[in-house]
Amino acid sequence: ESAQNRIAAGEVVERPASAVKELAENSLDAGARRIEITLADGGRTLIRVADDGHGIPHDQLELALERHATSKTDGEDLLDIGSFGFRGEALPSIAAVSRFTLTSRAESAEEAWTLRCDAGRLGRPTPAALPRGTVAEARDLFHATPARLKFLRTDRAETQAAADMVRRLAMAAPQVGFVLRDATGAEGTEGRVLFRADPEPGSPQEARRARLARILGRAFEADALEIEAEREGLRLTGLAALPTHSRGAAVAQFLFVNGRPVRDKLLTGALRAAYSDVLHSGRHPAAALYLDCDPHLVDVNVHPAKTEVRFRAPGIARGLVVSALRHALAAAGH
Ligand code: ADP
Ligand code: MG
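When we follow UniProt numbering, the leftmost residue of the sequence shown carries the number 22, and every step to the right adds one.
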């Protein structure tokens, strides 16, 4: 594997949580209804994502591991993208820095196939046993790039970061079931369940609500403020906690743009501004907010990790968040 590919890989995969994100997003793109994620040793020795999605046809397995091979856009209209992936970077990037195995059974195919890729060296597809969907497995992440390995935090911290990522994805896709397991030292067994969310029934809006309540827990939900507002084609919904809640900033802000988890400066800034008059020092706003709009009003093609977005009208997005939250806080007597 070329040094250039390994450097490019670092942009997409900086730690186990980012690999989990990319693999689980592929599962969502494949229409999965259930996604099972397994980690061992904080993801350093094992990251496995198994789904029941539409799978990969035998003749496209190798293509899936080639750089800039994506089945998701013809490259003409990068803004009009309904799926998470569209760069064709994730699988080759992860395969460049791990011992990677991709096993898949395409819908209606009679058999499954598996393909190994060791630090970027591609093998040949061989028949495999898999009833449906896709299993992507990355073992020994960064084993060929010790410098990157050194930047990983403790297993516990990496596991927590991955779990946080899974929670965000579960909020983004409430109609999909998620299970996260820790299989550290669990030779031959499935491992310990760290997180589980069954598919939420009902309309997409009902499912979002139910999943927020489930994941954020009763404490957050019981006295949380319902947010629902609209401005010039942007729609904001979700829950905001009252300023009495004291939580760390990172763990209590969940932002989604068109169903994608984002960590966007404009939106977190808007959140801070909305709470600025009511928060005591050392406290952080806590909220889970979905911003939905026409895909042409927002550009997600800004950063390889796709967590930053660019709005066509940033002022309107910011104004919507600030005014909706201030309004809700004021209505609740703050
Ligand atoms: P992207 O998601 O940007 O297209 P990736 O490198 O993440 O690029 O994946 C490459 C291709 O492999 C995808 O376009 C898709 O065709 C296929 N693929 C990857 N993971 C899955 C999966 N879990 N189920 C079905 N197809 C998949
Ligand atoms: Mg992808």
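Here a beta-carbon is modelled for each residue, glycine too, at the ideal position from N, C-alpha and C.
Delimiting residues of the alpha helix (DSSP H) encompassing residue i
i	result
Arg198	Before going on, a small fix: residue 198 reads as Gly here, not Arg. Counting along the chain, Gly198 falls outside any alpha helix (DSSP H), though it belongs to the beta strand (DSSP E) covering 198-203.
Gln181	176-193
Asp50	37-50
Ser125	Where Ser125 is concerned, there is no enclosing alpha helix (DSSP H), although the beta strand (DSSP E) it sits in stretches over 120-126.
Ser111	Contrary to the premise, residue 111 reads as Ala rather than Ser in this sequence. Per DSSP, Ala111 belongs to the alpha helix (DSSP H) from 111-117.
Arg169	167-171
Separation of residue j from residue i, as counted between CA atoms
i	j	result
Asp203	Arg252	43 angstroms
Tyr311	Arg145	43 angstroms
Ala157	His79	15 angstroms
Pro195	Glu227	9 angstroms
Ala117	Lys42	17 angstroms
Gly76	Glu83	13 angstroms
Arg142	Pro148	19 angstroms
Leu170	Arg339	38 angstroms
Leu276	Pro282	6 angstroms
Ala45	Phe216	14 angstroms
Ala53	Ala178	28 angstroms
Ser92	Ser125	15 angstroms
Glu57	Arg331	31 angstroms
Arg153	Leu288	39 angstroms
Ala351	His301	16 angstroms
His164	Ala207	21 angstroms
Gln81	Thr122	14 angstroms
Ser224	Glu131	34 angstroms
Ala51	Ala218	19 angstroms
Arg174	Asp185	15 angstroms
Asn47	Asp244	35 angstroms
Leu133	His355	At residue 133 the sequence reads Ala, which differs from the Leu that was named. Approximately 58 angstroms between the Cα atoms of the pair.
Which listed residue (the options) has its alpha carbon closest to that of residue i
i	options	result
Ala111	Ala61, Glu35, Arg142	Glu35
Arg213	Ala165, Leu201, Cys314, Pro335	Leu201
Arg229	Ile68, Gly354, Arg55, Leu190	Leu190
Asp72	Phe275, Thr155, Ala149	Thr155
Arg235	Gly254, Met192, Arg339	Met192
Leu263	Thr175, Pro225, Thr166, Val299	Val299
Ser344	Thr66, Arg333, Ser297	Ser297
Leu86	Thr135, Glu179, Gly74, Glu57	Thr135
Arg120	Thr166, Gln81, Arg88	Thr166
Ser39	Ala218, Leu257, Gln181, Thr122	Gln181
Gly254	Thr210, Lys286, Gly209, Ile337	Ile337
Arg137	Ala130, Ala159, Asp244, Ala127	Ala159
Residues near residue i by beta carbon distance below 6 angstroms, same chain, minus five either side
i	result
Ala270	The pLDDT assigned to Ala270 is 46, lower than 50, so where the model puts this residue is not dependable; a value taken from the coordinates is nonetheless given after this. Closer than 6 angstroms at Cβ, skipping near neighbours: His305.
Asp101	Unreliable placement is indicated for Asp101, whose pLDDT of 45 sits below 50; the coordinate value is still reported in the next sentence. Once the five neighbours on either side are set aside, the close Cβ partners of Asp101 are Pro316.
Ala61	Leu67, Ala204, Thr205
Arg347	Ala295
Ala291	Arg339, Val342, Val343
Asp98	Residue placement at Asp98 cannot be trusted, given a pLDDT of 48 that sits under 50; what the coordinates show is reported in the next sentence. For Asp98, where only same-chain residues beyond five positions count, there are no Cβ hits under 6 angstroms.
Arg55	Asp73, Gly198
Gly259	Ile248, Ala309, Leu310, Tyr311
Proximal residues to residue i (C-beta, below 8 angstroms), its chain only, five neighbours per side dropped
i	result
Ala349	Leu246, Glu247, Ile248, Ala261
Asn279	Leu312, Asp313, Cys314, Pro316, Val319, Val321
Lys286	Glu329
Thr210	Ala204
Arg333	His317, Leu318, Val319, Asp320
Within 8 angstroms, strictly: CB atoms of residue i and residue j
i	j	result
Arg284	Thr328	yes
Val187	Phe199	yes
Ala183	Pro335	no
Asp139	Thr66	no
Gln274	Ala250	no
Phe105	Leu151	no
Gly63	Asp176	yes
Val342	Leu237	no
Arg88	Gly109	yes
Any non-hydrogen atom of the ligand PLP closer than 7 angstroms to residue i Cβ
i	result
Thr135	Inclusion of the ligand PLP in the displayed structure is not the case, the ligand content consisting of the ligand ADP and the ligand MG alone.
Beta-carbon contacts of residue i that lie in its chain and below 7 angstroms, excluding the five residues immediately before and after
i	result
Glu221	Pro195, Gln196, Ala228, Ala231, Arg232
Thr59	Leu67, Arg69, Arg202, Ala204, Gly212
Ala353	Leu246, Leu263
Glu128	His75, Gly76
Extent of the continuous beta strand (DSSP E) to which residue i belongs
i	result
Ala250	246-252
Gly340	Looking at the DSSP string, Gly340 is not in any beta strand (DSSP E); the run it does join, the alpha helix (DSSP H), is 335-352.
Glu158	154-160
Thr66	Segment: none, Thr66 is in no beta strand (DSSP E) and carries neither H nor E.
Leu86	Counting along the chain, Leu86 falls outside any beta strand (DSSP E), and DSSP gives it neither H nor E.
Pro282	281-283
Leu288	No beta strand (DSSP E) holds Leu288; the alpha helix (DSSP H) holding it covers 286-296.
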